[in-house]
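Enquirer: Sequential numbering from 2 applies to the sequence shown in the working numbering.
Every residue, glycine too, gets a C-beta built ideally from N, C-alpha and C.
Source: prediction; values computed, not measured.
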Amino acid sequence: MSVDNTQQTIAFDKPWGNYLLEKIVEPPPPEAISWLPQTIGWKITFVILFFYLCFKVIAEYKKYKRNAYRRNALAWLKQYQSDEEWYYRQLPVLLRKTAITAYDRTKITSLTGSDWDSWLDSQCKETDFTASCSMVLHQLAFAPEFNLSSQEKQILLQHVSTWIKHHRGQND
C-alpha cells in the first residue's frame, strides 16, 4: 500500500479486495419512475379539475367586475366622511345611483318617500330605513333646510353603508 502525499488520497495496490469480483461489471441503475400519472383516468380528472378551476376564476372575476359600483360607492363614503350638510345631502343620490346600477332603472326612478324606504329595506335585510330613518332620505334630497342630530347622522350613515355592502342586486 502506498500513500500519495500530493493529492492526500490513499491508493491501494493491485489486487485489492475480492479478486473474483474484479471482472464483474455493475449493471446500470433503473430509470427513474415518473411521478406523473400513468393512467387515462388521472389525466381526465386533471383536465376536468383544470376546466373547473378556470370556470371558477372567470366567475369570480365577473362577480368582481359586477360589484365595482359597490366598491366605488363605499370608497366615496370613506373619502368624504365629514359632518358638513352637503355630504349628507349626497347620500340619497348615492343610494339612488347604486340602486339604479344594481336594479332596473324604471323600477327605481318611480319610487319616492316611504315607498323608497320600504323598497330599500326589502332589498337588504340588515337595514331598517322605514323605522329608524323614515323619510330622512326624502327630506335630505328635497327639503331646503333639514338638520340632523349627530346620532341621526351616524344611524343614516351606518344604514347607507350597510345597504351598499349587503343588498342583493338582480345579478347576485
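1) Is the Cβ-Cβ distance between Asp118 and Phe130 less than 8 Å?
2) Going by CA-CA distance only, name the one from Lys166, Pro145 and Leu21 that's closest to Tyr89.
3) Alpha carbon to alpha carbon, what distance is there between Leu37 and Ile165?
4) Starting from the C-beta of Asn148, find all residues in its chain whose C-beta is less than 6 Å away, skip the five residues before and the five after it, and write them out in chain order.
5) Grouping DSSP H, G and I as helix and E and B as strand, with all else coil, what is Ala33?
6) Please report the straight-line C-alpha distance between Tyr62 and Gly42, rounded to a whole angstrom.
7) Three or more C-beta pairs closer than 8 Å, one from the stretch 70-78 and one from the stretch 153-171: is that the case here?
8) Can you tell me the Cα-Cα spacing of Val26 and Glu32, whole angstroms?
9) Do you know offhand how far Ala60's Cα is from Phe52's?
10) Could you say which of Gln82, Val94, Ala100 and Asn19 lies nearest to Ser151 if we only look at CA atoms?
Expert: In this structure, then:
1) yes
2) Pro145
3) 48 Å
4) There are no such residues.
5) DSSP, read as helix, strand or coil, puts Ala33 in coil.
6) 30 Å
7) Note that the stretch 70-78 touches the stretch 153-171; at least 3 beta-carbon pairs, one per stretch, sit closer than 8 Å.
8) Those two C-alpha atoms are separated by around 18 Å.
9) Rounded to whole angstroms, Ala60 to Phe52 spans 12 Å at the Cα level.
10) Gln82
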